[in-house]
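For reference, the structure is listed below as structure tokens.
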Amino acid sequence: MCDEKTDASPAPDWRVAVIDDIGRLDAAEWNRLGVAPYPFLRHEFLAALERNGCLGEAWGWLPRHLTVRDAQGTLLAACPLYLKFNSYGEFVFDWSWADAYRRNGLEYYPKLVSASPYTPATGPKLLLAPEAPPALRRLLMEAALELARAEGCSSVHWLFTPEEETDFLEQAGRMRRTGCQFHWRNRGWRDFDDFLASLSHAKRKNIRRERRRAAEAGIEFRLLDGHTAHEADWADFHQ
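When we follow our numbering, the leftmost residue of the sequence shown carries the number 1049, and every step to the right adds one.
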């Protein structure tokens, strides 16, 4: 199908860059790319991981974030992206793929991964500013594919994307991988006993026995948040 309509307007002057340290980006300009409701995609979280040594060669996570700016230097779009040399910290288990590559004399690593490191939380990965045209989504995707070729990667993976973004990537020729997760949701139970009442007698009996044994073993549960946890608690947590 041919469109005879002619558009004489000049092509947009969009400038793509690869950033290996998110600290070089202003937090406010990154956070305005639609990540405010997603704490694990905010600049503060990603920068903290890089700044505190949670990412890097030792861990197999090398930042390769993509950014798109206009001629005035305004950040219009970005993609959190990492060059990966293993599959740790992704919560998507592709070890069998890596083994299949190895058995056929191919290299699976490095690969490019767009994700919130160590966090299986759904959220957008093709980030757009409110005024950004939708075409920048495709530009980000194509830039990631080009970067993968330049870095000698086997593949590009966008993990835990929202349905709309997954549909876009699939329609653009990417392969969808469907996994299975188990999520517990409160169906209006007032308390734990109310929840147990919804189970079979055998399951109620097993759960009560397990809880009783935990209590008899002297195991104590405490619920802490970032304001009530002490330094010793954080040290235990990060062992």
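C-beta: ideal position from N, C-alpha, C; glycine also.
- Within the same chain, and ignoring the five residues on either side of His1091 in sequence, the residues whose Cβ sits closer than 6 Å to its Cβ are Ala1075, Trp1078, Asn1079.
- Beta-bridge annotation (DSSP): Lys1132 is paired with Trp1109, Lys1159.
- Here Phe1133 has Gly1108, Tyr1157, Pro1158 as same chain residues with Cβ atoms under 6 Å from its own Cβ, once five neighbours each way along the sequence are excluded.
- Here the stretch 1183-1198 lies against the stretch 1100-1116, with 3 or more beta-carbon pairs under 8 Å apart.
- For the stretch 1187-1268, the full-length alpha helix (DSSP H) segments reaching 4 residues or more read 1211-1219, 1240-1245, 1249-1264 along the chain.
- Note that the C-beta distance between Glu1098 and Gly1121 is not below 8 Å.
- Inter-residue distance for Thr1167 and His1231 is about 15 Å (C-alpha atoms, whole angstroms).
- Judged by DSSP in its simplified three-state form, Gly1071 adopts helix.
- As the crow flies, the alpha-carbon of His1278 is around 23 Å from that of Ala1095.
- Between Leu1081 and Ala1148, the C-beta spacing is not below 8 Å.
- By the neighbour-count criterion, in which 16 or more other beta carbons inside 10 Å mark a residue as buried, Phe1269 falls on the exposed side.
- Rounded to the nearest whole angstrom, the C-alpha separation of Leu1188 and Glu1213 is 12 Å.
- Between the beta-carbon of Leu1089 and that of Ser1164 there is about 6 Å, and that keeps the pair under the 8 Å contact cut.
- Taking C-beta atoms as the reference points, Leu1154 and Val1204 fail to come closer than 8 Å.
- A residue is called buried when at least 16 other Cβ atoms come within 10 angstroms of its Cβ; Ser1248 does not meet this threshold and is exposed.
- Asp1284 has its alpha-carbon roughly 17 Å from the corresponding atom of Asn1100.
- Contact annotation, Leu1207 with Glu1138: C-beta distance approximately 6 Å; criterion of less than 8 Å satisfied.
- The three-state secondary structure of Arg1063, taken from DSSP, is strand.
- In this model, Ala1220 and Asp1118 are separated by some 24 Å (Cα to Cα).
- Beta-bridge partners of Ala1125 (DSSP): Val1116, Leu1176.
- Within the same chain, Cβ atoms closer than 7 Å to the Cβ of Lys1173 are found at Cys1127, Pro1128, Ser1162, Trp1206, Thr1209, Glu1213, the five residues on either side in sequence being excluded.
- A distance below 8 Å between beta-carbons, with the five flanking residues on each side excluded, links Leu1176 to the following residues of its chain, in chain order: Leu1081, Gly1082, Leu1124, Ala1125, Pro1182, Leu1184, Arg1185.
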